[in-house]
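Residue numbers (the numbering used here): 72 to 432. Yeah, the Cβ is synthetic: ideal placement off N, Cα and C, and Gly gets one too. Let me begin by presenting the structure, written as structure tokens, before commenting on it.
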């Protein structure tokens, strides 16, 4: 009595199988086979076996993926899924046993994680350039509070400038991952110095790029905490830091109080000698005086005689981002400093350096 019904369903199943087979004739031949790559259900075969697209999804059959959305560059490493059809911002699924690399299309951000850094079988990674206005997981008021604190403590050099803020998020279907990673990775962030003058573009007061450091937001106390790393690469204009946990990261500057590179020239200063002039190997001119170079952004230069008498004190003011100061080789009373040997001492914060000068008229 049940046999006709059974035959009916078998016939329907056969028809559906045939329809599915003819609708996707090459699907089985183009499934990506490397790294357990996951495909979204909206992906269909375009034919030719080269690319799978659908629902704003584009995938190639390899671990490396280069055809990504406009705001993300390339991603590599195992099991990931580009979900731009229904997630904003786009993000990628990785598996814990493989390393992960994610780079923005602009090249402004690059993140690399070693294998087994996250104690989940699979996890999503994304980054967000606007956590202060369009946050993923952070309260923007915490960012504002941290900014106010660091400027109050470190001065205006530490204020946050556009493009120097990023939120890095790791999550799955259940929750955001907020604890430290089992293995730290590396993150690189780009700063802007279009004219290569060593000053962060748009900064006021001027922020020297070699004072930039990476900072992470401590959301428990609403403060920025400095992150160790590899420092600034002035060729690529990237700052690399260790990535130890997801969160909000910033590039922040500081007032430069470094004195180790300060130098004075020409030595000897001999404006009336046979090699008088400005340039390499020359002994200077009266009009140009003596130059102190590679100065910190604040502090003083004191010039003394060998017996310790103060000849002239110069204030260092770096309002224009200049690292030079000129001494007209005159005393505090406006008279020419006598021929002889002098000691100079530069002080910036707790840093000091001394050197010698020789004046020959």
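Item	Value
For residue 317 and residue 249, the rounded distance between their alpha carbons	6 Å
Between the CA atoms of residue 384 and residue 407 - distance to the nearest angstrom	14 Å
Sequence-distant residues of the same chain with beta carbon closer than 6 Å to residue 337, five excluded per side	354, 355
Chain-order list of residues whose beta-carbon lies under 6 Å from that of residue 216 (same chain, five-residue window excluded)	293
Environment of residue 352 [buried if 16+ CB atoms lie within 10 Å]	exposed
The stretch 229-241 in contact with the stretch 192-209 per 3-pair CB rule at 8 Å	yes
Assigned exposure category for residue 180 - 16 Cβ within 10 Å defines buried	buried
Three or more C-beta pairs below 8 Å linking the stretch 269-286 and the stretch 294-307	yes
Nearest residue (CA-CA) to residue 164, options 184, 259, 424	184
DSSP three-state assignment for residue 260, whether helix, strand or coil	strand
First and last residue of the uninterrupted alpha helix (DSSP H) at residue 220	211-225
Beta strand (DSSP E) runs wholly inside the stretch 303-341, at least 3 long, in chain order	309-314, 318-323, 334-336
Buried versus exposed, by CB contacts within 10 Å (16 or more), residue 229	buried
Residue of 379, 233, 307, 309 minimising C-alpha distance to residue 275	233
Neighbour-count burial assignment, residue 256, 16 or more Cβ in a 10 Å radius	buried
Contact between the stretch 372-389 and the stretch 408-426 (3+ Cβ pairs under 8 Å)	yes
Helix, strand or coil at residue 282 according to DSSP, with G and I counted as helix	helix
Chain-order list of residues whose beta-carbon lies under 7 Å from that of residue 214 (same chain, five-residue window excluded)	202, 203, 288, 319
Beta-carbon gap between residue 220 and residue 264 smaller than 7 Å	no
Local Cβ density within 10 Å of residue 251, reported as buried at 16 or more and exposed below that	exposed
Assumed close pair residue 314, residue 258 - CB separation to whole angstroms, cut-off 8 Å	4 Å
N- and C-terminal bounds of the beta strand (DSSP E) containing residue 244	Note, residue 244: premise wrong, no beta strand (DSSP E); not H, not E.
Any chain D beta carbon closer than 7 Å to residue 401	The structure shown contains no chain D, having only a single protein chain.
Proximity winner among 363, 347, 366, 365, relative to residue 357 (alpha-carbon distances)	347
Residue 228, DSSP secondary structure in three states	helix
Beta-carbon contacts of residue 193 that lie in its chain and below 8 Å, excluding the five residues immediately before and after	150, 164, 165, 166, 167, 243
Residues of its chain near residue 254, where Cβ-Cβ distance is below 7 Å and the 5 sequence neighbours each way are ignored	185, 187, 188
Exposure label - residue 423; buried when at least 16 CB within 10 Å	exposed
Under 7 Å between C-beta atoms of residue 327 and residue 277	no
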